[in-house]
Amino acid sequence: MAKIQASWQAVLIAVFVLSSLAYCFTTEEIEIFQLQKEITKRYGVDFYRFLELPRLKDSTPKEIAKNFRKLSKKYHPDKNKKYKKRFERLNLVSKILSDSSQRKTYDYYFKNGFPDYDFSKGGFFFKRTQPKVWFILAFLYIACGLIHLVLLKLQNNSNKTRIKRFLRDVRQQDDTNGLGEKHLVLKRSEEDIGKEIIVRFGDVFVVQSDGIEAQVSLNDIKDPGLQDCMLVLLPLWLWKKTLGRLIIKSPVILDSDISSKTSKLSKKNTKINNGGDVMELPNGTVIHSRKKKLSKRDLYYFIMLCYLEYALFAVV
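In terms of my numbering, the sequence shown has 1319 at position 96, counting the first letter as 1, and numbering is strictly consecutive.
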């Protein structure tokens, strides 16, 4: 086992060394980078413009040699010693562009960009592109919005699961098999008064404090969408707190409108049918008291009662 581990360690070290070498620059590349850096800094041109080639990258080796001979006569150090450094650079550039392999390397970096130089970082290196601030903020905003949407969906699915279990446990206490009415009491403890629950033809109702029966159903939970996450809610909130407050003005209610509405309400009385199941409001809306949907707060209250503390069901 020790030999196997040692061999694997040797392989990993070799792979690491080879991979690091693959990203190192060759001696020829470093020479090209250094010369390009000097010429760009001193003269502000590339190799082709430094040799004053008319066709630049399309120049042939003969044209390169011809222009080098022409410039070497002009900038020979024997005529003027101040051209000594320039003559050396002309010679190096001519050799690089005359060699097909080195010229190919230079053209590649000339097209895709040369690396930067920093002594503290060990020489030449490629600078990573830094994203803009607005791009980072937009990315974070979209990412947070999508995460918020996922969390809403997970919470919604969890609520639906708890409601399904609650309805299933309640219906299991119904000995009428969904063909009649069964009254149950949901208690947290023996001393608790409890909440009255009615199972009527398979539907589950909770009797609220005001005596109204509220139906417990999965239809009470709306599936969250894009309009429910912060991608939409945050801009709307900012709009209402800033420009929306100035643009959207509350409607002005006249005294005549109030008096007319009051007279209409006084003329129209609340009507309740004989069975007490239907109520008609002054605005014409009809409410079925036995089909009222349970509010989210009450719905979550009953669910927590069922599954956090082992609710007790007692037949009335």
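Cβ atoms here follow ideal geometry from the backbone N, Cα and C, with glycine treated the same way.
Taking the Cα of Lys1445 as reference, the smallest distance to any Cα among His1371, Lys1376 and Ile1253 is reached at Lys1376.
Between Lys1327 and the set Asp1281, Val1268, Phe1291 and Asn1442, the nearest pair of CA atoms involves Asp1281. Each of Arg1309, Gly1336 and Lys1296 was checked against the Cα of Tyr1266, and the nearest Cα belongs to Arg1309. Nearest to Glu1404 by C-alpha distance, out of Arg1391, Leu1390 and Ile1420, is Ile1420.
For the options Ile1370, Ile1386 and Pro1277, the alpha carbon positioned closest to that of Leu1441 is the one of Ile1386. For Tyr1332 and Asn1379, the gap between their C-alpha atoms comes out near 55 Å. By the Cβ neighbour-count rule, Gly1417 is buried, with 16 or more other Cβ atoms within 10 Å of its own. Counting C-beta atoms within 10 angstroms of its own C-beta, Ser1317 has 16 or more neighbours from the protein chains shown and is therefore classed as buried. Rounded to the nearest whole angstrom, the C-alpha separation of Thr1384 and Val1356 is 42 Å. Shown here, His1299 sits in coil according to DSSP, grouped into three states, outside any helix or strand. Between Val1393 and Leu1402, the gap from beta carbon to beta carbon reaches 9 Å or more. Here DSSP, grouped into helix, strand and coil, assigns Lys1355 to coil.
In the DSSP annotation of this structure, the continuous segment of the beta strand (DSSP E) that includes Arg1423 starts and ends at Lys1418 to Arg1423.
About 6 Å separates the Cβ atoms of Leu1313 and Phe1291, confirming a contact at the 8 Å cut-off. Using a 10 angstroms sphere on the CB of Glu1436, the tally of other CB atoms reaches 16 or more, which defines it as buried.
Here Leu1407 carries a strand assignment [DSSP, helix/strand/coil]. Counting along the chain, no beta strand (DSSP E) covers Asp1330; the unbroken alpha helix (DSSP H) around it starts and ends at Ser1323 to Asn1335. The C-beta distance from Leu1294 to Leu1258 rounds to 16 Å, too long to meet the 8 Å contact threshold. A residue is called buried once 16 or more other Cβ atoms fall within 10 Å of its Cβ, and Val1373, having fewer, is exposed.
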